[in-house]
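Reading through the structure tokens given below for one structure.
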Amino acid sequence: MTDIHTLHILNKTPEHPRSKACRDALQPGDALLLIESAVLALAAQSASESDVPVYALASDIVARGLGQCAREASLIDFPAMVDLTTRAQNVISW
Amino acid sequence: MAANPIHSYTLVITGAPYSTQAPQTALSFARAAIAAGHTVDRVFLYGDGVHLASSLCTPPSDETHWPTEWSIFLTNNGIPGVACIASALRRGLVNESERKRYELSASNLLEPFIIAGLGEWVEGNTTSSRTLYFHAGG
Amino acid sequence: MKNPVMPARNNEGFLENANDWTPDVATLIASDDRIELDEKHWEIIEFLRLFYKEHEMSPPSNRLFVKSVKEALGDERGNSIYLMQLFPGTPAKTACRIAGLPRPTNCL
Amino acid sequence: MGTLMVIDQPPYGTWAGREALDMAFSLAAFDQPVSMLFTGAGVNWLRTYQDTREIKQKSVEKNLSAAPIFGVEAMYACARACTQYGLGPENMVDGVVLAENSSELIRQHSHTAFAG
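Chains as they are written, first to last, in numbering that gives the first Met the number 0: chain A, 0 to 93; chain B, 0 to 137; chain C, 0 to 107; chain D, 0 to 115.
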């Protein structure tokens with residue numbers, strides 16, 4: 000079952016130009032997965048601007064001391080990340 | 000209809016160990032994919048990612064040795080690890096036959112990695128059901 | 000007829016210095032492969048040298064070599080059988096060697 | 000519907016764009032449909048009159064001009080980035096299609112990839 004059109008996997012900080020390009024590319028039916036430095040977006044003061052489901056790798060969040068501020072994303076582990084890639088028709092690694 | 004269809008993955012790593020998190024994230028992903036019953040068709044190292052296949056990486060003993068971790072994982076699961084030849088030669092990663100061809104002083108390709116062309120990536124792109132990239136962050 | 004001196008070449012017969020190339024040198028390199036250059040060969044050699052000048056690269060694989068020849072000179076010449084007959088072995092490699100272009104990286 | 004190789008990094012200062020170009024060429028070599036999208040600082044690949052002799056690198060302008068010969072189907076440039084970097088018809092290489100909406104373009108391709 001592919002219930003996600005495109006899974007966007009982002010590993011760049013919010014300042015990185017590709018982060019903006021990724022956000023701009025989000026469309027209804029897509030999902031966003033934050034990994035590595037991209038989880039820092041959850042610490043930045045920003046309204047949750049996207050209408051798509053946002054996931055974030057828990058290990059990257061915990062490593063960066065962000066356990067408390069990750070309310071805007073569903074925290075997942077690697078098995079769940081694998082699962083997300085199987086549910087998506089396309090995957091883009093930004 | 001199976002609730003959880005089996006997928007095949009080509010994983011492309013373009014970030015180098017010890018300068019990016021890419022090889023680590025990719026390894027955790029690959030382990031989870033195998034554990035879930037999926038297959039990893041091949042791991043393709045491109046750009047700075049080829050440094051993962053160097054037999055000369057020597058991190059301090061209390062840090063994870065990512066080339067070794069990857070080497071063991073690939074060997075245990077029979078997954079081909081391919082370093083792009085153009086990326087590899089530019090960055091000083093060579094196997095024995097390239098060493099001879101270019102008359103170099105040493106070879107340094109870690110087993111079971113092999114050196115091959117981008118055709119391996121093209122094949123993965125067309126035959127695997129998913130191709131995932133692990134780039135440098137920043 | 001003068002007898003050209005073979006310039007320095009690497010272990011696969013490619014010129015060490017691209018500026019050493021002359022048509023006479025090409026004839027000499029070709030004779031190593033037991034190829035006697037005729038106008039069909041020269042057409043491809045000239046095409047390759049022009050391609051290199053325009054794009055600052057040789058076609059990076061044999062397939063792209065065939066494609067480029069096809070694009071420039073048509074189907075009759077741009078097919079691997081024709082090029083294989085002219086430049087035995089791996090045509091792109093053999094032709095680049097004779098045309099005085101760098102050794103391809105074997106990228107594909 | 001083919002692969003979209005994206006170049007979003009500037010030429011010369013970083014190698015990633017060249018590696019993306021090699022990927023596009025190799026897809027073309029195996030007759031896989033591929034197009035390229037230049038966006039962000041990557042649109043600077045498309046400027047005419049690049050003279051790289053002094054920095055001793057190959058000209059990406061010349062390298063890129065082989066793309067149609069090898070069978071790269073289309074070259075798109077993000078219109079917004081072109082405006083930002085002062086690129087217009089007078090100083091841009093031929094054969095580039097301006098894309099007003101990159102996300103639509105991404106949507107139209109089955110794979111979108113960066114080289115690094």
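Don't be surprised by glycine CBs; every beta carbon is placed ideally from N, CA and C. Owing to the predicted nature of the structure, the values given are computational and were not obtained by experimental measurement.
Counting only Cβ pairs nearer than 7 Å, list the residues of chain A close to residue i.
i, result
"His-6(B)", "Thr-85"
Round the Cβ separation of residue i and residue j to the nearest angstrom and send it over; I've been treating them as touching at under 8 Å.
i, j, result
"His-54(C)", "Ser-64(D)", "6 Å"
"Ala-21(B)", "Leu-10(B)", "Wrong, their Cβ atoms sit about 10 Å apart, outside the cutoff."
"Ile-60(A)", "Val-81(A)", "Not confirmed; about 18 Å, so no contact."
"Asn-76(B)", "Ile-33(B)", "6 Å"
"Gln-88(A)", "Thr-5(A)", "7 Å"
"Ala-52(B)", "Leu-109(B)", "5 Å"
"Ser-57(C)", "Pro-103(C)", "6 Å"
Listing by chain order, which chain E residues have their CB less than 9 Å from the CB of residue i?
i, result
"Ala-23(D)", "This model lacks chain E altogether, as its protein chains are A, B, C and D."
Interface residues of chain B around residue i at Cβ under 8 Å?
i, result
"Ser-73(A)", "What Ser-73(A) touches in chain B: nothing, since even the nearest Cβ is about 17 Å away."
"Gln-31(D)", "Val-121, Asn-124 and Thr-125"
Determine the direct distance from the alpha carbon of residue j to that of residue i, and round the result to whole angstroms.
i, j, result
"Ala-57(A)", "Phe-86(C)", "58 Å"
"Ser-104(B)", "Ala-135(B)", "30 Å"
"Ile-84(B)", "Glu-119(B)", "11 Å"
"Pro-16(B)", "Leu-72(C)", "46 Å"
"Ala-53(D)", "Glu-60(D)", "The sequence shown places Glu at residue 53(D), rather than the Ala named in the question. Roughly 15 Å between the two C-alpha positions."
"Ser-18(A)", "Ile-114(B)", "33 Å"
"Thr-126(B)", "Leu-27(C)", "45 Å"
"Thr-47(D)", "Gly-41(D)", "14 Å"
"Ala-19(D)", "Ser-25(D)", "10 Å"
"Asp-21(D)", "Gln-67(A)", "43 Å"
"Arg-79(D)", "Ile-80(C)", "47 Å"
"Tyr-84(D)", "Ser-60(B)", "48 Å"
"Met-91(D)", "Met-74(D)", "12 Å"
"Ala-42(A)", "Ile-34(A)", "13 Å"
"Ala-112(D)", "Ala-15(D)", "12 Å"
"Ala-1(B)", "Gly-14(B)", "Note that Ala-1(B) scores a pLDDT of 48, beneath 50, so its modelled location is shaky; the value from the coordinates is reported in the next line. C-alpha separation (whole angstroms): 35 Å."
"Leu-44(C)", "Lys-57(D)", "Note that residue 44(C) is Ile in the sequence shown, not Leu. Going by the C-alpha atoms only, they are around 22 Å apart."
"Arg-76(C)", "Arg-100(B)", "31 Å"
"Ser-36(A)", "Leu-65(A)", "11 Å"
"Met-0(A)", "Ser-101(D)", "27 Å"
"Ser-92(A)", "Ala-29(C)", "47 Å"
By the criterion of Cβ-Cβ separation under 8 Å, what are the contact partners of residue i in chain C?
i, result
"Leu-88(B)", "Thr-104"
"Ile-54(D)", "Simply none; closest approach about 13 Å."
"Phe-69(D)", "Pro-58, Leu-63, Lys-66 and Ser-67"
"Asn-62(D)", "His-54, Glu-55 and Met-56"
So with CB distances below 9 Å, who are the chain B contacts of residue i?
i, result
"Asn-10(C)", "Lys-99, Arg-100, Tyr-101 and Glu-102"
Strictly below 7 Å CB to CB, what residues from chain B border residue i?
i, result
"Ala-40(D)", "Simply none; closest approach about 14 Å."
"Val-90(A)", "Arg-129 and Leu-131"
Who are the neighbours of residue i on chain D, taking C-beta pairs under 7 Å?
i, result
"Asp-40(B)", "The contacting residues do not exist; Asp-40(B) stays about 15 Å from chain D at best."
"Glu-70(C)", "Ile-68"
Using a Cβ cut-off of 9 Å, pull out every chain C residue sitting near residue i, in sequence order please.
i, result
"Ala-52(B)", "Within chain C, no residue comes near Ala-52(B); the closest Cβ sits about 17 Å away, beyond 9 Å."
By the criterion of Cβ-Cβ separation under 9 Å, what are the contact partners of residue i in chain A?
i, result
"Val-50(D)", "Position check: residue 50(D) holds Asp in this sequence, whereas Val was assumed. Chain A residues near Asp-50(D): none, gap ~27 Å exceeds 9 Å."
Cβ of residue i versus every heavy atom of the ligand MG: is any distance shorter than 7 Å?
i, result
"Thr-26(C)", "For the ligand MG, the structure offers nothing, since it holds no ligand at all."
Just to make sure I have the definition right: I need the residues of chain D whose C-beta is within less than 8 Å of the C-beta of residue i. Which are they?
i, result
"Ala-135(B)", "Gly-115"
Within 7 Å of chain D by C-beta, residues of the stretch 4-23 of chain A in sequence order: Residues passing the 7 Å Cβ filter: Pro-16, Arg-17, Ala-20 and Asp-23.
Three or more C-beta pairs below 8 Å linking the stretch 6-19 of chain C and the stretch 87-95 of chain B: Taking 8 Å as the limit for Cβ pairs, the verdict is that the stretch 87-95 of chain B does not touch the stretch 6-19 of chain C.
Contact between the stretch 81-95 of chain C and the stretch 27-43 of chain D (3+ Cβ pairs under 8 Å): Taking 8 Å as the limit for Cβ pairs, the verdict is that the stretch 27-43 of chain D does not touch the stretch 81-95 of chain C.
Three or more C-beta pairs below 8 Å linking the stretch 0-8 of chain D and the stretch 34-46 of chain D: Judged by Cβ distances under 8 Å, the stretch 0-8 of chain D makes contact with the stretch 34-46 of chain D, as three or more pairs qualify.
Contact residues within the stretch 47-69 of chain A, judged by C-beta distance below 7 Å to chain B: So nothing in the stretch comes that close.
Any 3 or more C-beta pairs closer than 8 Å across the stretch 43-51 of chain B and the stretch 72-83 of chain B: Put simply, the stretch 43-51 of chain B touches the stretch 72-83 of chain B. At least three CB pairs are less than 8 Å apart.
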